[in-house]
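Residue numbers (our numbering), protein chains in the order written: chain E, 200 to 461; chain D, 513 to 992. Cβ coordinates follow ideal geometry from the N, Cα and C atoms, glycine included. The structure displayed is predicted, hence computed values, not measured ones.
See below:
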């Protein structure tokens, strides 16, 4: 490759980088989750008008669903929520139950469910929906590693979300994280109930949430409890914090790989 | 048995209903094909589709007849004679043998097609026109036709000359009604295949169109016209149908439904674009379409709302429009909202209903309130069909298991809450349904399950010999 072309490429690359990092997110476009440490790492809360990915192992599907539902409840601010899912994921982890949703303190009246037959139509529907500013949030639930969901698809969703101000939440069950244009990326596990007498009832949902990637801040790992009455996350009082020392500024391994490949 | 035959065979003296062996004896080199009644019916219905271009009121008259109600349509095609000629010639070109007639009543027209094809009967001339036709042309059935012949009544004129009471006494009221209709005294209504749409606009092309851009342009022009005529009466469309008439006779109809009455042609345009884009078997223009028709088969009166000041109304409109677009693309049944049901059976507590039709109801539904400061009592993900689990032993007969195997993985129970007993609704179900004891369970990993025992110990579950058996265990849902 000639020197001129190399330098042209370098110029373009730096331009793209500038455009991508120039997305100034105002504090008012962030919604506090309620969990102090997580909000601090997120610079005030979860950014709206962006895409957030939540990954989990196959059997942790319900926990991740709860976490995504919590995030959606926080960001959608009483506006309708569109939940797009593949037919297949219903067989694997069960259908989203509206009774369970109202038990979490969220409003089932505002949920519109789209049952997409395949990944292509699910992606297309989500991109359409993200461009509609009447919605509060769009959740796209995908099961397994999905070839169709590549960097291009991810960028499409991000652009649609930026244009309309709607937040996109991706629930990726049984999938491996790949490079994407998401604002944050989480890995979710269910956490034990706070220690107590063994044969006693458990309380509110508790999540072991690891922030794998954060475009505008540090990563971390927290135990977060969903408070069904106040509809926000909180630090479980009886749980020893923190679980693991979180590296302050850790590079996302996926991004490093992407840079090298690009 | 011979089901149908052509003219050459008829000249040889073969007839319908003749045993095949007899026919072979008369004509050894007879060419025989199996009758395919289903394909015949399909062809007739395809021809009826094609005939939609002349009038929206087309009725089937099986096994091989069609009724077209051309009241008020004939002048569009240059009068009745021209219409008849156009229709017969076009069908003839496609390889069909057609006999057609126009008359004031459907029965009279049908009688004429069997005897004097191409006849056009003026109003009031029915009795005269069919006077000399044989009685078999009435199509009254084998028994009656034979009976009439035996009585010496060979033509319809002969039958009509007898008094009506005589005919009714001998051949029944149904036949005398049929005869009256054939003679132009009263008419039996035909039953069109499709209900008459409220509004129809169509465009014919001298030169068939085939390109996507031309089709899209035609549709949007038709949409403009349709909207203009609906607007005059303050109506909006709830269901729209676009029919594409191909030059070779194939007709393809595409339907789009909306949740709210549509009053803007841009919306119609976009819905059809989404729908055409997502068709599993795309629109095949072949040698081109020579006619495109857009009809509004369901309309509603539009209530004008004050829109600019109320952001909430705007949001709801946007959401409804989005739902319409998604439904046009992937199907109306795939976009759902949820309505609470008055039952405590977990799997039937929520009804998923089409979002297009029930959005407003779902937005105002009353959901049972949750108990404050309680942990969730119902799982976030519910299996459509409870999945069986293996429980090795339960220490207490009515108690929860200590461990269980679900999807080939062993889960040790760490925390338990329960039982919550849910009895089935004996007043709704006829079969015997078992009482369920639900437990909320947390395993060693922190995963939370909603499991139940199907049936009580001692008294509800029995094995083949009628002895008490141990009830089965199931996972019904997963908590967050």
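If you drop the 5 nearest sequence neighbours on each side, which residues of the same chain put their C-beta closer than 6 angstroms to that of residue 309 of chain E?
-> Residue mapping note: residue 309 of chain E aligns to position 110 of the first chain, counting from 1. Cβ neighbours of residue 309 of chain E beyond the five flanking positions: 279, 280.
List the whole-angstrom C-beta distance separating residue 383 of chain E from residue 412 of chain E, where the pair is believed to meet the contact cut-off of C-beta under 8 angstroms.
-> Along the first chain, read from residue 1 onward, the residue named residue 383 of chain E stands at position 184. Along the first chain, read from residue 1 onward, the residue named residue 412 of chain E stands at position 213. Correct: roughly 6 angstroms between the Cβ atoms.
With burial defined as no fewer than 16 other Cβ atoms inside 10 Å of the residue's Cβ, what is the status of residue 317 of chain E: buried or exposed?
-> Counting from one through the first chain, the residue named residue 317 of chain E turns up at place 118. So residue 317 of chain E counts as exposed.
Spatial neighbours of residue 569 of chain D within its chain, please: CB distance less than 6 angstroms, with the 5 preceding and 5 following residues excluded, ordered by chain position.
-> Counting from one through the second chain, the residue named residue 569 of chain D turns up at place 57. So the qualifying residues of the chain are 581, 704.
Whole-angstrom distance between residue 620 of chain D and residue 514 of chain D, CA atom to CA atom | Taking the second chain and counting its residues from 1, the one referred to as residue 514 of chain D is at position 2. Taking the second chain and counting its residues from 1, the one referred to as residue 620 of chain D is at position 108. Looking at the two C-alpha atoms, the distance is approximately 28 angstroms.
Are residue 901 of chain D and residue 969 of chain D close, meaning C-beta to C-beta below 8 angstroms?
-> What you label residue 901 of chain D is simply residue 389 of the second chain in a count that begins at 1. What you label residue 969 of chain D is simply residue 457 of the second chain in a count that begins at 1. No, Cβ-Cβ distance for residue 901 of chain D and residue 969 of chain D is not below 8 angstroms.
Under 8 angstroms between C-beta atoms of residue 806 of chain D and residue 713 of chain D | Here residue 806 of chain D refers to the residue found at position 294 of the second chain. Here residue 713 of chain D refers to the residue found at position 201 of the second chain. Taking 8 angstroms as the Cβ cut-off, residue 806 of chain D and residue 713 of chain D qualify as a contacting pair.
Kindly give me the distance between the Cβ atoms of residue 253 of chain E and residue 385 of chain E, rounded to whole angstroms, as I take these residues to be in contact under 8 angstroms.
-> Numbered from 1 along the first chain, position 54 holds the residue referred to as residue 253 of chain E. Numbered from 1 along the first chain, position 186 holds the residue referred to as residue 385 of chain E. Rounded, the Cβ-Cβ distance is 5 angstroms, consistent with contact.
Taking only the alpha-carbon atoms, compute the straight-line gap between residue 808 of chain D and residue 548 of chain D and give it to the nearest angstrom.
-> By one-based count along the second chain, residue 808 of chain D stands at place 296. By one-based count along the second chain, residue 548 of chain D stands at place 36. Going from the Cα of residue 808 of chain D to the Cα of residue 548 of chain D covers about 36 angstroms.
Can you give me the start and stop residues for the beta strand (DSSP E) that residue 255 of chain E sits inside?
-> Translated into the one-based positions of the first chain, residue 255 of chain E becomes position 56. Looking at the DSSP string, the run of the beta strand (DSSP E) that includes residue 255 of chain E is 250-255.
Between which two residues does the alpha helix (DSSP H) containing residue 924 of chain D stretch?
-> Against the second chain, residue 924 of chain D aligns to sequence position 412. Note, residue 924 of chain D: premise wrong, no alpha helix (DSSP H); beta strand (DSSP E) at 921-934.
Measure from the C-beta of residue 850 of chain D to each C-beta in chain C and report whether the shortest distance is under 8 angstroms.
-> The structure shown contains no chain C; its protein chains are E and D.
Can at least three beta-carbon pairs, one atom from the region 853-870 of chain D and one from the region 778-795 of chain D, be found at a separation below 8 angstroms?
-> no
In chain D, which residues lie with their C-beta within 7 angstroms of the C-beta of residue 258 of chain E?
-> Here residue 258 of chain E corresponds to residue number 59 of the first chain, with the count starting at 1. Ordered by position in chain D, the residues that pass the 7 angstroms Cβ test against residue 258 of chain E are 959.
Per DSSP, which residues does residue 950 of chain D bridge with? Please list them.
-> The sequence position of residue 950 of chain D within the second chain is 438, counting from 1. Partner(s): D:932, D:964.
Minimum C-alpha distance to residue 918 of chain D - residue among D:964, D:677, D:875, D:612 | As a working note, residue 918 of chain D is residue 406 in the second chain. Of the candidates D:964, D:677, D:875, D:612, the one whose C-alpha sits nearest the C-alpha of residue 918 of chain D is D:964.
Excluding the five sequence neighbours on either side, which residues of its own chain have a C-beta within less than 7 angstroms of the C-beta of residue 246 of chain E, listed in chain order?
-> Working through the first chain from its first residue, we reach residue 246 of chain E at position 47. So the qualifying residues of the chain are 224, 228, 229, 382.
Which value, in whole angstroms, describes the spacing of the CA atoms of residue 393 of chain E and residue 772 of chain D?
-> The residue you call residue 393 of chain E lines up with position 194 of the first chain. The residue you call residue 772 of chain D lines up with position 260 of the second chain. Residue 393 of chain E and residue 772 of chain D: Cα-Cα distance of roughly 50 angstroms.
Identity of the residue in D:953, D:599, D:923, D:638 nearest residue 930 of chain D by Cα | Residue 930 of chain D sits at position 418 when you count from the first residue of the second chain. Comparing Cα positions, the closest option is D:953.
Three-state secondary structure (DSSP) at residue 425 of chain E?
-> Here residue 425 of chain E is taken as the residue at index 226 of the first chain, counted from 1. Strand.
Run down chain D in chain order and give the residues with a C-beta less than 7 angstroms from the C-beta of residue 342 of chain E.
-> As a working note, residue 342 of chain E is residue 143 in the first chain. Under the 7 angstroms cutoff, chain D gives no residues; its nearest Cβ is about 12 angstroms from residue 342 of chain E.
8 angstroms Cβ cutoff, residue 336 of chain E in contact with chain D | Taking the first chain and counting its residues from 1, one reaches residue 336 of chain E at position 137. It does not: the Cβ of residue 336 of chain E has no partner Cβ on chain D nearer than 8 angstroms.
Tell me where the alpha helix (DSSP H) around residue 520 of chain D begins and ends.
-> The residue given as residue 520 of chain D occupies position 8 in the second chain. Residues 519-523.
Is the CB of residue 865 of chain D under 8 angstroms away from at least one CB in chain E?
-> For the purposes of this step, residue 865 of chain D is taken as the residue at position 353 of the second chain. It does not; no Cβ of chain E falls within 8 angstroms.
Expressed to the nearest angstrom, what Euclidean distance is found between the alpha-carbon atoms of residue 861 of chain D and residue 974 of chain D?
-> Residue mapping note: residue 861 of chain D aligns to position 349 of the second chain, counting from 1. Residue mapping note: residue 974 of chain D aligns to position 462 of the second chain, counting from 1. When rounded, the distance between both Cα atoms is 29 angstroms.
Which residues in chain E sit within 8 angstroms of residue 933 of chain D, going by Cβ to Cβ distance?
-> Position 421 of the second chain, counted from the first residue, corresponds to residue 933 of chain D. By Cβ distance, chain E contributes nothing, its closest Cβ being about 17 angstroms from residue 933 of chain D, past 8 angstroms.
Can you say whether residue 652 of chain D is buried or exposed, counting buried as having 16 or more other CB atoms within 10 angstroms of its CB?
-> Locating residue 652 of chain D in the second chain gives position 140, where the first residue counts as 1. Buried is the call here.
On the three-pair Cβ rule with 8 angstroms, is the region 538-547 of chain D touching the region 663-682 of chain D?
-> no
Any idea which residues DSSP pairs residue 342 of chain E with across the strands?
-> Along the first chain, one-based indexing puts residue 342 of chain E at 143. E:372.
Chain D contact for residue 302 of chain E (CB, 8 angstroms cutoff) | By one-based count along the first chain, residue 302 of chain E stands at place 103. Cβ-Cβ to chain D under 8 angstroms: yes for residue 302 of chain E.
Proximity to residue 880 of chain D [Cα-Cα], best of E:285, E:261, E:302 | To locate residue 880 of chain D, count along the second chain from 1; it is residue 368. Nearest of E:285, E:261, E:302 to residue 880 of chain D, Cα basis: E:302.
Three-state secondary structure (DSSP) at residue 283 of chain E?
-> Taking the first residue of the first chain as position 1, residue 283 of chain E is located at position 84. In this structure, residue 283 of chain E counts as strand in the three-state DSSP scheme.
Interface residues of chain E facing residue 577 of chain D [CB-CB closer than 8 angstroms] | For this step, residue 577 of chain D is matched to residue 65 along the second chain. Here the premise fails: no neighbours, minimum Cβ distance about 41 angstroms.
C-beta contact flag for residue 765 of chain D and residue 755 of chain D at 8 angstroms = The residue you call residue 765 of chain D lines up with position 253 of the second chain. The residue you call residue 755 of chain D lines up with position 243 of the second chain. Yes, the Cβ-Cβ distance between residue 765 of chain D and residue 755 of chain D is below 8 angstroms.
Cutoff 8 angstroms: residue 774 of chain D Cβ touching any chain E Cβ = Counting from 1 along the second chain, the entry for residue 774 of chain D is found at position 262. Residue 774 of chain D does not count as touching chain E.
Rounded C-beta distance between residue 614 of chain D and residue 596 of chain D? I'm assuming under 8 angstroms.
-> Looking up residue 614 of chain D in the second chain gives position 102. Looking up residue 596 of chain D in the second chain gives position 84. Right, the Cβ-Cβ distance comes to about 6 angstroms (below 8 angstroms), so this counts as a contact.
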